[in-house]
Every structure is written in C-alpha cells, then in structure tokens.
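Q: First the structure, then my questions, so here it is.
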Amino acid sequence: MSALLLFTTLGCQGNESDGVGGEAEFQASTQQLDCGASQVPVLSGATTSGGSVTRSGAYSSSYEAWQAFDGNSSSMWISQVGQTPAWIGYEWLDAPRTITRYAITYANGSITTRAPRDWTLEGWNGSAWVVVDTRTAQANWLGFERREYTVTTPGSYSKYRVNITDDNDTRTGIETISIGRLELFYCGECVTPTSQVPVLSGATTSGGSVTRSGAYSSSYEAWQAFDGNSSSMWISQVGQTPAWIGYEWLDAPRTITRYAITYANGSITTRAPRDWTLEGWNGGAWVVVDTRTAQANWPGFERREYTVTTPGSYSKYRVNITDDNDTRTGIETISMGHLDFLGCK
Numbered sequence: 133m134s135a136l137l138l139f140t141t142l143g144c145q146g147n148e149s150d151g152v153g154g155e156a157e158f159q160a161s162t163q164q165l166d167c168g169a170s171q172v173p174v175l176s177g178a179t180t181s182g183g184s185v186t187r188s189g190a191y192s193s194s195y196e197a198w199q200a201f202d203g204n205s206s207s208m209w210i211s212q213v214g215q216t217p218a219w220i221g222y223e224w225l226d227a228p229r230t231i232t233r234y235a236i237t238y239a240n241g242s243i244t245t246r247a248p249r250d251w252t253l254e255g256w257n258g259s260a261w262v263v264v265d266t267r268t269a270q271a272n273w274l275g276f277e278r279r280e281y282t283v284t285t286p287g288s289y290s291k292y293r294v295n296i297t298d299d300n301d302t303r304t305g306i307e308t309i310s311i312g313r314l315e316l317f318y319c320g321e322c323v324t325p326t327s328q329v330p331v332l333s334g335a336t337t338s339g340g341s342v343t344r345s346g347a348y349s350s351s352y353e354a355w356q357a358f359d360g361n362s363s364s365m366w367i368s369q370v371g372q373t374p375a376w377i378g379y380e381w382l383d384a385p386r387t388i389t390r391y392a393i394t395y396a397n398g399s400i401t402t403r404a405p406r407d408w409t410l411e412g413w414n415g416g417a418w419v420v421v422d423t424r425t426a427q428a429n430w431p432g433f434e435r436r437e438y439t440v441t442t443p444g445s446y447s448k449y450r451v452n453i454t455d456d457n458d459t460r461t462g463i464e465t466i467s468m469g470h471l472d473f474l475g476c477k
C-alpha cells in the first residue's frame with residue numbers, strides 16, 4: 133500500500149469540471165465566487181472541539197479517514213478492502229453548513245483502479261441521508277489529477293459524506309478507495325450578483341417566459357414586473373389566493389441566491405405582499421427555497437432584498453404569495469413593481 137491517492141472537495145476556482153462521462157471537461161467560469169475557507173479545519177486527529185470525521189472503515193490505522201483532512205498530500209485515507217459502499221465525511225457540532233462545491237484529486241500514482249468512479253454527495257437532515265450531487269463513470273484518472281464539481285442541489289446539513297459505490301477496478305463493487313484530502317466549501321454569491329431575467333417588453337422571449345397565477349387586467353400583466361420601469365407593475369387577479377409570479381428559463385437551470393421585491397402602488401400599501409414562499413421547480417414538484425412572513429409596513433415604492441435560505445438549481449422559480457397587507461382573510465390584490473432574481477449563471 134505504498135501508492136498514494138488524493139481526494140479534494142474544493143471551493144470555487146476559476147475552472148470547474150462537472151465530470152461528464154470519462155475525462156473531466158473544464159469550463160472557464162465567467163464570474164468569480166466568494167468561497168471563503170474550507171468548512172472543515174485542518175485536522176491532526178479524528179475529532180476536534182468543532183466536529184468529527186466519519187467513515188465506513190479503514191484499511192489500517194496508518195490510513196485513517198482524518199488524514200484526508202490533514203492538509204498533507206503524502207497522507208491519505210484508504211478504505212477497508214472489499215467494502216461497498218465506502219464513505220467518508222465530516223460532522224459539525226456547532227451549526228449546519230451549506231456545501232456548494234467540491235473536488236477530487238487522485239494521487240495514487242499508476243494504481244488508478246483505486247480512484248472513485250460512482251458516488252453521491254449526501255447531507256444528513258436529522259433522520260436520513262439526502263443526495264445533493266450524483267456522479268457516475270468518472271474514469272481515466274491521471275496519477276495526480278484534480279477534478280472539481282458543483283453541488284447540484286445544495287442545502288443546509290449538519291454532516292456530509294461522499295458515498296462511493298464503485299471504483300475503477302473492473303471487478304464488481306469496490307476493492308479499495310484512497311482519498312488524500314477532502315475539503316468542503318460554501319461558495320457564496322457572485323462578487324456582483326446579477327439579475328437572471330432580462331429586461332422584458334412582453335411575456336415571452338427566446339430565452340424564457342414569465343409565469344403567473346392571474347392578472348387584474350391586460351394593463352397590469354406580470355411581465356411588467358420585469359420591464360425595468362418603476363411606473364409599471366403587475367397586479368394580481370382580485371381575490372385570488374395564492375397569487376404567484378415567476379420566470380422560466382429555456383436554456384439552463386439557475387441558482388438564485390438573492391431576490392428583491394419592489395412595491396409600486398403608492399399609498400395603497402395593503403396591496404404589498406405579506407407572506408410568501410420562493411419556490412423552484414425540480415421537474416416534478418415545487419421546492420420551497422425561502423419563506424417570508426409578516427412583511428409589513430411597506431412605503432409606497434420600497435425595494436426589499438432577501439437571501440435565499442436553501443438555494444438550488446432550478447429551471448423556473450416563482451414567488452408564491454399567500455397573504456397581502458389587507459386585514460381581510462386571504463389576498464384581495466397584490467401589486468409588484470419589480471421582481472429581481474439574482475445569482476450566478
């Protein structure tokens with residue numbers, strides 16, 4: 133067991149590989165992200181005051197899992213021989229973390245059969261493991277190759293693990309996995325987050341379309357919340373609860389990290405939204421990524437910006453409003469002058 137493998141789960145660098153098929157495909161990033169430091173500290177043992185390493189097993193005490201977090205490329209975790217799946221992770225004791233990016237650097241010389249091939253990145257929700265990223269057929273690793281990945285559906289979890297179901301050995305299941313270093317990063321917003329919806333002059337464009345529950349009239353259609361004009365607005369259908377407005381992209385999903393609502397109905401502040409959820413469509417259902425309640429006391433043309441609690445990658449989003457600031461039950465009318473979906477394309 134003299135050969136070496138290095139596995140790194142890293143943050144947002146200039147290039148990324150989404151590991152499609154065999155060899156990694158690198159694509160330059162057009163926007164710099166703030167990833168900060170690794171969410172796992174440099175370790176000299178399996179436990180610290182802030183958390184602990186978890187793993188399925190180890191080849192021996194000389195190749196324990198904490199060595200994948202020690203910052204030393206000459207040490208490594210090697211999994212228990214013949215154990216399928218083989219997994220390694222970290223648990224924080226203070227607070228959950230949102231991990232948005234990771235990378236694997238293989239560093240076991242010519243023994244490339246020990247490189248991971250199929251795995252899931254999983255977060256623990258308190259009762260079950262939730263898959264946040266899946267990779268398959270990760271083949272043709274070089275001796276010291278680094279591959280970086282973006283988490284498909286990030287969320288907030290107290291512990292994560294990389295759950296490996298196959299290596300690059302031709303035999304069924306795992307013979308041995310080696311990991312030299314594992315880092316987990318949260319990549320925050322763009323340095324300058326930008327609106328993901330273009331300025332509109334109608335409900336549809338070649339790149340996407342506005343969606344809504346209804347409209348008061350054709351003079352107050354939903355696309356007017358995206359036209360960049362503070363004197364126009366969307367007004368919802370009277371008496372419709374919930375009332376919702378959103379946008380669907382046709383080219384690729386987006387990760388929305390912030391959003392802003394501008395109220396634009398003068399002194400009639402009862403029409404401002406009070407309770408809502410921001411939701412993303414996962415192909416089969418709406419997923420709540422942010423919830424706001426009791427949003428009261430809006431001035432006539434106020435803009436309020438919010439951070440998305442659990443961002444993910446979705447092809448369409450909507451603000452689903454369940455109450456306005458009118459004292460009557462449900463919604464009388466919602467007015468919205470502008471809606472910004474902000475993030476990194």
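In the working numbering, the protein residues as written are 133 to 477. We put the beta carbon where it would ideally sit given N, CA and C, even for glycine.
1) Am I right that Ala218 and Ser242 are in contact with their C-beta atoms under 8 Å? What's the rounded C-beta distance?
2) Helix or strand or just coil, what does DSSP make of Arg403?
3) Mapping DSSP to helix, strand and coil, what is Ala246?
4) Within the region 290 to 367, note down every full alpha helix (DSSP H) run reaching 4 residues or more, in order along the chain.
5) Please work out which residues of its chain come closer than 6 Å, Cβ to Cβ, to Thr423, disregarding the five sequence neighbours upstream and downstream, and give them in chain order.
6) Using DSSP bridges, identify the partner residues of Cys476.
7) Smallest Cα separation from Ser288: which of Tyr318, Ala396, Thr266?
8) Which term fits Leu382, buried or exposed, when burial requires 16 or more other beta carbons within 10 angstroms of its beta carbon?
9) Phe473 to Arg435, Cα distance in whole Å?
10) In angstroms, rounded to a whole number, what distance separates the CA positions of Met468 and Thr179?
11) Output yes or no for whether 7 Å exceeds the beta carbon distance between Gly412 and Gly378.
12) What did DSSP end up calling Ser467 once you bin it into helix, strand or coil?
13) Determine, using beta carbons only, whether Ala384 and Met365 come nearer to each other than 7 Å.
14) Would DSSP call Ser194 helix, strand or coil?
15) Would Leu237 be called buried (16 or more neighbouring beta carbons within 10 Å of its own) or exposed?
16) Name the residue from Val262, Thr461, Thr394 whose alpha carbon lies nearest to the alpha carbon of Lys120.
17) Pick out the complete beta strand (DSSP E) segments inside the region 421 to 458, 3 residues or longer, and give them in chain order.
18) Could you give the uninterrupted runs of the beta strand (DSSP E) lying entirely in the region 199 to 239, keeping only those of 3 residues or more?
19) Below 8 Å on the Cβ atoms is my guess for Thr402 versus Asp456; work out the distance and round it to an integer in Å.
20) Look at Thr216 and Asp250 and say whether their C-beta atoms are less than 7 Å apart.
21) Please work out which residues of its chain come closer than 6 Å, Cβ to Cβ, to Gly462, disregarding the five sequence neighbours upstream and downstream, and give them in chain order.
22) Excluding the 5 residues flanking Thr459 on each side, which residues of the same chain have their C-beta closer than 6 Å to its C-beta?
A: Quick look at the numbers:
1) In this structure Ala218 is not in contact with Ser242, their Cβ atoms being roughly 21 Å apart against a cut-off of 8 Å.
2) helix
3) It should be pointed out that residue 246 corresponds to Arg in this sequence rather than to Ala. The answer is helix: DSSP assigns Arg246 an H, G or I state.
4) none
5) Thr409
6) Thr387
7) Tyr318
8) exposed
9) 13 Å
10) 51 Å
11) no
12) strand
13) No, they are not a contact pair.
14) helix
15) Reading off the sequence, residue 237 comes out as Thr, not Leu. Its Cβ being crowded by 16 or more others within 10 Å, Thr237 is buried.
16) In the structure as shown, the chain begins at 133 and stops at 477. Residue 120 is therefore absent and cannot be evaluated.
17) 435 to 439, 448 to 456
18) Under the rule that a run must span 3 or more residues, the beta strand (DSSP E) segments found entirely inside the region 199 to 239 read 218 to 224, 233 to 237.
19) 6 Å
20) no
21) Thr373
22) Counting only Cβ-Cβ distances below 6 Å, and skipping sequence neighbours, we find nothing.
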